[in-house]
Amino acid sequence: MRKHELKPLFVERMKNILEDEKDFQNYLNVLKEEPQRSIRCNTLKISPEKLKIRLISKGWEVEQPFKSNPEIMVIKGGNGKTSLNPGELGRSLEHLLGYYYIQEISSMLPVIALNPKPNQFILDMCAAPGSKTTQIASEMQNKGTLIANEISLGRIKILASNSERCGVMNLMITKKEGASLCKKFKKSGFLFDKILIDAPCSGEGTLRSSSLTSKIWNIRTIKKLSGIQKNLLINALEILKPKGEIVYSTCTHAPEENEEVISFILNRFEKELVIEKLDLPVFYRPGIKSWRGKDYHPDVVKCCRIYPQDNNTEGFFITKIKKIK
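Numbering that gives the first Met the number 0 puts the first residue of the sequence shown at 0, with every later residue one more than the last.
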């Protein structure tokens with residue numbers, strides 16, 4: 000639930016992004032609502048069917064909103080309660096055993112888009128705290144090689160702890176700034192089948208769950224992050240195999256961090272890349288074609304924008320890029 004007032008410039012920008020007044024009001028209204036509690040079943044340790052039975056036996060109400068992805072579960076209080084007690088999800092034996100990962104539904108979508116397979120060579124470039132790393136490992140069935148990179152030592156400890164709890168066995172953790180890591184891999188001749196860049200961003204999509212986001216939001220940070228994101232993506236493309244795939248994602252709505260980044264890459268590597276159509280289990284909208292007088296590459300409409308008011312989730316932006324040369 001939003002605990003800080005939204006800054007006027009942010010409100011103005013969101014109004015321009017959404018355009019429709021009713022849609023904008025729906026967006027503002029959903030920010031006032033408590034986010035739903037969702038988990039991802041860790042199939043390295045237990046099947047969704049068995050986990051659901053265990054959780055129902057605790058008196059929890061368990062919903063699986065997507066037939067295509069039974070590992071995604073929404074948890075309610077059960078036993079007449081409308082919600083769980085604070086911290087209840089994280090204190091359960093099942094969580095301690097690594098049977099599930101507490102993860103927002105939108106946060107699961109980049110890995111669904113990446114579609115990891117066993118025996119692939121995959122890089123998670125900005126990995127901590129480990130939600131997507133453990134999700135990738137689960138899809139790989141612990142087969143193949145997964146490299147998870149994180150620049151912060153403190154966050155690496157959390158990443159390692161979560162990976163161990165979830166039974167991840169095919170993981171190597173590195174500590175380096177993302178672009179520098181790519182240059183090291185390029186020099187050594189390493190090429191990846193798939194790369195996930197869940198990029199550092201301004202976090203506009205997390206306003207419901209993070210009271211800090213609106214407080215620290217500013218346009219200078221957005222512009223600075225846009226440069227960092229472009230650099231990460233440029234360098235990641237250098238270590239991607241021909242016909243390899245990159246998923247670029249953020250939890251923000253800012254076009255400077257989303258379509259502008261993708262447009263920049265497409266214009267720079269136009270004959271080498273294509274944006275792939277995504278099949279996601281939630282409703283999403285196409286990328287926006289222009290922003291503040293700047294026209295983007297026409298293919299940015301193939302990007303996916305996910306808004307809180309559409310699916311009762313956090314906001315996200317997801318793009319899948321295929322290297323054709």
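For every residue, glycine included, the Cβ atom is placed at its ideal position computed from N, Cα and C.
Between which two residues does the alpha helix (DSSP H) harbouring Phe9 extend?
-> 7-17
Determine the closest residue to Lys182 out of Tyr295, Ile238, Asp294, with distance taken between C-alpha atoms.
-> Taking only the C-alpha atoms, the option nearest Lys182 is Ile238.
Going by the CB atoms, is the gap between Glu255 and Cys200 shorter than 7 Å?
-> no
Please work out which residues of its chain come closer than 8 Å, Cβ to Cβ, to Arg1, disregarding the five sequence neighbours upstream and downstream, and give them in chain order.
-> With a pLDDT of 49 at Arg1, under the threshold of 50, the predicted position of this residue should be treated as unreliable, though the coordinate-derived value follows. If we look at Arg1 and ignore the five residues flanking it on each side, its Cβ neighbours are Leu30, Lys31, Leu206, Arg207, Ser210, Ser213.
Leaving out five residues before and five after Ile157 in sequence, what residues of the same chain have Cβ atoms less than 8 Å from its Cβ?
-> Ala127, Pro128, Gly129
Give the single residue among Leu8, Val273, Tyr306, Arg267 whose Cα lies nearest to the Cα of Pro285.
-> With distances taken between Cα atoms, Pro285 lies closest to Tyr306.
What are the start and end residues of each continuous beta strand (DSSP E) run of 3 or more residues lying completely inside the region 160-223, in chain order?
-> 170-173, 191-197
Identify every run of the alpha helix (DSSP H) within the region 71-106, keeping only runs that are complete inside it and at least 4 residues long; order them along the chain.
-> Here the runs fully enclosed are 87-90, 92-95.
Spell out the partners DSSP gives Gly143 in its beta bridges.
-> Gln119
Those residues which DSSP pairs with Val273 across a bridge | Lys321
Beta-carbon gap between Pro47 and Glu70 smaller than 7 Å | The answer is yes: Cβ separation under 7 Å.
Top-ranked residue by Cα proximity to Glu4, from Leu27, Phe23, Ile218, Asp19 = Taking only the C-alpha atoms, the option nearest Glu4 is Leu27.
Look at the Cβ atom of Ile38, then the Cβ atom of Thr312, and state whether they are nearer than 7 Å.
-> Cβ distance not < 7 Å, so Ile38 and Thr312 don't count as in contact.
Grab me the residues of Ile227's own chain with a C-beta within less than 7 Å of its C-beta, minus the 5 sequence neighbours each way, in chain order.
-> Pro199
Note down, in chain order, each residue of its chain lying with its Cβ closer than 6 Å to the Cβ of Gln63, except the 5 sequence neighbours on either side.
-> Pro69, Met72
Mind listing, in chain order, the continuous beta strand (DSSP E) runs of no fewer than 3 residues lying wholly within the region 231-301?
-> 239-249, 272-274
C-alpha gap between Leu224 and Gly58, whole angstroms | 44 Å
Range of the contiguous beta strand (DSSP E) that encloses Ile52 = Ile52 -> not in any beta strand (DSSP E); alpha helix (DSSP H) instead, spanning 47-56.
Compare the C-alpha of Lys174 against each of Glu163, Ile146, Leu232, Lys193 and name the closest.
-> Ile146
Local Cβ density within 10 Å of Glu11, reported as buried at 16 or more and exposed below that = Using a 10 angstroms sphere on the CB of Glu11, the tally of other CB atoms stays under 16, which defines it as exposed.
Between Leu152 and the rest of its own chain, which residues show a CB-CB distance below 7 Å, the 5 nearest in sequence each way excluded?
-> Lys174
Would you tell me roughly how many angstroms separate the C-alpha atoms of Gly243 and Lys321, rounded to the nearest one?
-> 6 Å
Grouping DSSP H, G and I as helix and E and B as strand, with all else coil, what is Glu62?
-> strand
Neighbourhood of Lys324 by C-beta distance below 8 Å, restricted to the same chain and skipping five residues each side | Pro241, Lys270, Glu271
Would you mind working out which of Ser137, Met124, Leu195, Pro280 sits nearest Ser67, comparing C-alpha positions?
-> Pro280
Which one of Ile264, Asn234, Ile135, Leu122 has the shortest CA to CA distance from Ile111?
-> Ile135
Cβ-based neighbour list, Thr132, same chain, cut-off 8 Å, excluding 5 preceding and 5 following = Around Thr132: Asp123, Ala126, Leu145, Ala147, Leu158, Asn161, Ser162, Val167, Leu170.
Considering only residues of the same chain and omitting the five flanking positions on each side of Lys193, which have a CB-CB separation below 7 Å?
-> Leu113, Pro115, Gln119, Ile121, Gly243, Glu244
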